[in-house]
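Enquirer: Structure provided below as structure tokens; questions to follow.
There are 2 protein chains.
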Amino acid sequence: MHIVVLAGGIGGAKFLAGVRAVARESGSEVTAVVNVGDDVTLHGLRICPDLDSVMYTLGGGADPERGWGRRGETWTVKEELTAYGAEPTWFGLGDRDLATHLVRTRMLDAGYPLSAVTEALCTRWQPGVRLLPATDDRVETHVVVEDDRSGPQGEAARAGLVAGGSQKAIHFQEWWVRHRAALPAKRFVFVGAEASKPAAGVLEALAAADAVLVAPSNPVVSIAPILAVGGIRDALTAPVVGVSPIIGGAPVRGMADKCLAAVQTECSAAGVGGLYGARSAGGLLDGWLVDTSDADVTVPGVTVRSHDLWMRDEASTAAIVRAALEVAGV
Amino acid sequence: MHIVVLAGGIGGAKFLAGVRAVARESGSEVTAVVNVGDDVTLHGLRICPDLDSVMYTLGGGADPERGWGRRGETWTVKEELTAYGAEPTWFGLGDRDLATHLVRTRMLDAGYPLSAVTEALCTRWQPGVRLLPATDDRVETHVVVEDDRSGPQGEAARAGLVAGGSQKAIHFQEWWVRHRAALPAKRFVFVGAEASKPAAGVLEALAAADAVLVAPSNPVVSIAPILAVGGIRDALTAPVVGVSPIIGGAPVRGMADKCLAAVQTECSAAGVGGLYGARSAGGLLDGWLVDTSDADVTVPGVTVRSHDLWMRDEASTAAIVRAALEVAGV
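Keeping their order, the protein sequence lines are chains A and B.
For the first sequence, counting from 1, position 101 maps to 101 in UniProt numbering; every step adds exactly one.
For the second sequence, counting from 1, position 145 maps to 145 in UniProt numbering; every step adds exactly one.
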């Protein structure tokens, strides 16, 4: 059996550990198609937070307490960059993590596509599943927020001297990490998505898939940018089953509520299920797995099943995966 | 008074601390024109060992025991790069040091010349002298060595299948750091020197100089690549006084003996003085300061004076500088 998982970072990584466990039992192949919308270039380094979260977690190198970055991380380079006044200072750039970005940046500069770079990095980490970026093209999530009109430009706009817009777009990382998602998001823009193509191997994996699982990742900024890559939606021919990232009206982790508000979607299993929509109505899902506490949820046109969705450990996560595969009928 | 110092890395940095002390007493200005021949791009980072040695030393950030790199240095990124199998692994890339290279690389990529980048880095370090790279162009010292003809190319050459040369050129850092200068050097090539121009500010500093001091740096791989930059030799109109890097037939530090052998020059104060040569005979020097143990040295056409040349501390180094300035007649 071949399972394809659409995944974001930390939640996706945890879920994939369960998928890997199930695949090992059944001798299945797993391909993770990972969001690149969070990717950013800082200090000249190309940083792919979601790919790295998955790679480190599955490779045993992730920090289990902090939830992101490397185990035993240190922050010497970041402190030094700050001493130089090098911006930005708000991004958590660890020393161990930085080596990954150096290797990646060097390979990208040499002309390798991100999929090949990811494969090269994985020769060290041996994640046990095939990791593919959604696209080898540059697709970056930007967040449209109210312009606070600070600075000279803002002053001029307030004074009516220039046609200052009242909104501005900032990179997702700036919104998420620097502002802790506290600036109300008007909307999300996946810059470059329209012209993008799936990364090498993505369409082949989807064509060979017996089931596509949508990890309990952030639907708005992790899954949507994957689906925004040209050609991926149309290639979803296998049954698609999503696992709800919302349990009892709250995100399992992260700040999905802030993102859902921007797309006028209720922060609930029903809300996210409806946002994804039924395949029969032009949406994504054949099946939707919700937590037992959300067992009464319905999504028109979608088979909804419930299961304990708390990913406490690999065993409980594997049970979730088995339940999702069962909904997929495989 | 305006003093210009031609300098390499560690020896040059120590010497410059003495020059700065003397300049502070006399209210003089100091410009250091620093070798860039050791510069190298590794892991996508532009590394300028001599500029950094001077900057860290004068800025109080150098490791006094190791003699190079940063005080309190750690090596996390290097260990991680090695875990990825990223070559080369032989270069001592410290975490603190790396931040400097990141800032530099980013600015160079943005189009700033190395002189502007150096000035920006120095706003943090406040070295107290003006630091200029000899050139903003890329000039790199390569070392011609015997080809050991290892690998398939070598095999083919030995078998007479391809016209394999018996020599190859490697970057200075590979020869110096990786091979500890143990491969006999046939000659040194300053790649790019012919087409290079002095960095912004160098010619102006030389034109304004009351004296030019040649630091007790490696004559072959630190001073020669500065002089190889187009236009610098011709701009030396002020009196030029060199300070011998050789005391009693041995280099004060480093492996100058290995370099001098490659240019068929005796490792002695007389040998290096002769290598630099008298200005009256088309050479570099008006004066040559040697150690008291070398007081009997003569260099045809050059005023030779002796002084205790051991740079034990800033005071003893300042005394050397005063003696050199006296030879220069200023």
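The beta-carbon is built from N, C-alpha and C at its ideal position, and this holds for glycine as well.
#1: Could you list the residues in the region 59-85 of chain A with a C-beta less than 7 angstroms from some C-beta on chain B, going in chain order?
#2: Tell me which residues of the region 86-108 of chain B have at least one Cβ-Cβ distance to chain A shorter than 8 angstroms, keeping chain order.
#3: Leaving out five residues before and five after residue 297 of chain B in sequence, what residues of the same chain have Cβ atoms less than 7 angstroms from its Cβ?
#4: I want to see whether chain A comes within less than 7 angstroms of residue 44 of chain B, judged by CB atoms only; does it?
#5: Would the region 214-234 of chain B and the region 51-60 of chain B be scored as touching if the rule is three or more Cβ pairs under 8 angstroms?
#6: On the DSSP letters alone, give me the boundaries of the alpha helix (DSSP H) that residue 17 of chain A sits inside.
#7: Identify whether residue 91 of chain A lies in helix, strand or coil by the three-state DSSP scheme.
#8: Verify the CB distance criterion: does residue 233 of chain B have a CB-CB separation below 7 angstroms to chain A?
#9: Within a Cβ cutoff of 6 angstroms, which residues of the same chain sit near residue 50 of chain B, ignoring the five residues on either side of it in sequence?
#10: Leaving out the 5 sequence neighbours to the left and right, which residues in its chain are closer than 7 angstroms to residue 90 of chain B when beta-carbon positions are compared?
#11: Is it buried or exposed, residue 216 of chain A, if we count other Cβ atoms within 10 angstroms and call 16 or more buried?
#12: Have a look at residue 103 of chain A and residue 73 of chain A and give me their C-alpha separation to the nearest angstrom.
#13: Considering just the uninterrupted stretch of the alpha helix (DSSP H) at residue 258 of chain B, what are its terminal residues?
#14: Return the residue from the list B/22, B/130, B/187 that minimises the CA-CA distance to residue 319 of chain B.
#15: Can you grab the Cα-Cα spacing for the pair residue 238 of chain A / residue 280 of chain A, in whole Å?
#16: According to DSSP, is residue 244 of chain A part of a helix, a strand, or is it coil?
#17: So which residues on chain B does residue 124 of chain A lean against when the C-beta distance must stay under 8 angstroms?
#18: Within the region 74-118 of chain B, note down every full alpha helix (DSSP H) run reaching 4 residues or more, in order along the chain.
#19: What residue range does the beta strand (DSSP E) around residue 211 of chain A cover?
#20: With residue 199 of chain A and residue 109 of chain A assumed to form a contact (beta carbons below 8 angstroms), what rounded beta-carbon distance in angstroms separates them?
#21: Taking Cβ to Cβ, would you say residue 213 of chain B is nearer than 7 angstroms to residue 54 of chain B?
#22: Starting from residue 171 of chain A, follow its DSSP beta bridges and name the residues at the other end.
#23: Just to confirm, are residue 84 of chain B and residue 124 of chain A a CB contact at a threshold of 7 angstroms?
#24: When the distance is taken between beta carbons, is residue 263 of chain A closer than 7 angstroms to residue 171 of chain A?
#25: Have a look at B/97, B/201, B/317 and flag the residue whose alpha-carbon is nearest the alpha-carbon of residue 31 of chain B.
#26: Looking at residue 327 of chain B and residue 241 of chain B, is the spacing between their C-beta atoms short of 7 angstroms?
#27: CB-CB under 8 angstroms to residue 257 of chain B, same chain, minus the five flanking residues each way: which ones, in chain order?
#28: Cα-Cα, which of A/277, A/192, A/235, A/184 is closest to residue 219 of chain A?
#29: According to DSSP, simplified to helix, strand and coil, what is residue 53 of chain B?
#30: Work out the CA separation of residue 113 of chain A and residue 65 of chain A for me, nearest whole Å.
#31: Let me make sure I understand the geometry here. Which of B/77, B/43, B/243, B/221 has the alpha-carbon closest to that of residue 285 of chain B?
#32: In chain order, what residues of the same chain lie with their CB nearer than 6 angstroms to the CB of residue 29 of chain A, ignoring the 5 residues before and after it?
#33: Tell me whether the beta-carbon of residue 247 of chain A lies closer than 7 angstroms to the beta-carbon of residue 325 of chain A.
#34: Would you report the Cα separation of residue 93 of chain A and residue 195 of chain A, rounded to the nearest angstrom?
Expert: If we stick to the structure as given:
#1: 74, 76, 77, 80, 81, 83, 84
#2: 86, 95, 96, 98, 99, 100, 102, 103, 105, 106
#3: 269, 270, 273, 290, 304
#4: yes
#5: no
#6: First-last of the alpha helix (DSSP H) with residue 17 of chain A: 10-26.
#7: coil
#8: no
#9: 8, 9, 34, 35, 38
#10: 177, 178
#11: Classification for residue 216 of chain A: buried.
#12: 17 angstroms
#13: 256-262
#14: B/22
#15: 13 angstroms
#16: coil
#17: Listed by position along chain B, the residues whose Cβ is nearer than 8 angstroms to that of residue 124 of chain A are 83, 84, 85.
#18: Counting only runs of 4 or more, we get 76-83, 95-109.
#19: 211-214
#20: In fact, because the Cβ distance is near 18 angstroms, the residues do not count as touching under 8 angstroms.
#21: no
#22: A/142
#23: Cβ distance < 7 angstroms, so residue 84 of chain B and residue 124 of chain A count as in contact.
#24: no
#25: B/201
#26: yes
#27: 250, 251, 267
#28: A/277
#29: Helix.
#30: Approximately 32 angstroms, taken between the alpha carbons.
#31: B/243
#32: 2
#33: no
#34: Spanning the two alpha carbons is a distance of roughly 30 angstroms.
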